[in-house]
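Count along the sequence shown from 1, add 40, and you get the number used in my numbering. We put the CB at the ideal spot given by N, CA and C, even for glycine. This structure is a prediction, so every number in the text was calculated from the model and none was measured. Structure first, then comments.
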Amino acid sequence: MSHPDLLIGSDTKDDAAVYKISDDTALIFTVDFFPPIVDDPYTFGEIAASNALSDIYAMGGKPILALNIVGFPIDLPKEILTSILKGGANKIQEAGAIISGGHTVDDAEPKYGLAILGIVKPGEQISNANEKGWRPISFNQTFRDWYHYHSSKTISVR
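Following this line, the structure appears as structure tokens:
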């Protein structure tokens with residue numbers, strides 16, 4: 041879809057859209073959710089929130105508002121869901137944004153994520169389609185050591 045105020049849409053294959061609302065402000069909007077990738081519910085919530093926040097940061101923005109998106113089996117203990125939400129809320133709070141509700145549905149498998157709204161000055165957004173989006177990555181020695189150690193491990197899937 042094309043619109044003069046849509047600065048970044050689906051055509052650039054970015055993880056978020058950017059929409060200009062004034063000469064000084066554009067909104068960045070993203071949504072991410074997925075099933076658990078770790079066993080600890082709190083950590084899963086933190087990871088999911090960090091993942092969604094990273095889309096805002098990758099576009100050069102500042103997160104301001106988030107909504108939870110939850111799929112959760114009705115027969116699982118609610119303490120698990122509470123822990124997931126607390127983990128997500130912790131990361132959103134660390135980012136200086138707020139969570140204002142969200143949506144929950146009964147699902148066969150837990151899923152969690154967030155829709156996040158951020159802001160950026162028009163013209164300062166970063167995209168896969170512009171030169172700002174393609175920067176060389178430099179890893180420090182600690183990361184390289186960690187990567188080489190963990191990439192040499194054999195992973196078994198049951």
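- The secondary-structure analysis by DSSP pairs Pro103 across a beta bridge with Gly158.
- Excluding residues up to 5 positions away in sequence, Ser167, Asn168, Ala169 lie with their Cβ nearer than 6 Å to the Cβ of Thr52 in the same chain.
- The Cβ atoms of Leu157 and Lys131 do not sit closer than 9 Å to each other.
- Apart from sequence neighbours up to five positions away, the residues of its chain that approach Met41 with a beta-carbon distance below 7 Å are Gly49, ordered along the chain.
- By the criterion of at least three beta-carbon pairs nearer than 8 Å, the stretch 52 to 67 is not in contact with the stretch 107 to 117.
- Counting other Cβ atoms within 10 Å of its Cβ, Thr122 stays below 16 and is therefore classed as exposed.
- Between Pro117 and Asp146, the gap from beta carbon to beta carbon reaches 9 Å or more.
- Nearest to Asp95 by C-alpha distance, out of Asp115, Val71, Pro81, is Val71.
- Under DSSP, Leu46 forms a beta bridge with Tyr59.
- Nearest neighbour of Glu134 by Cα position, chosen from Ala89, Ala148, Gly141, turns out to be Ala89.
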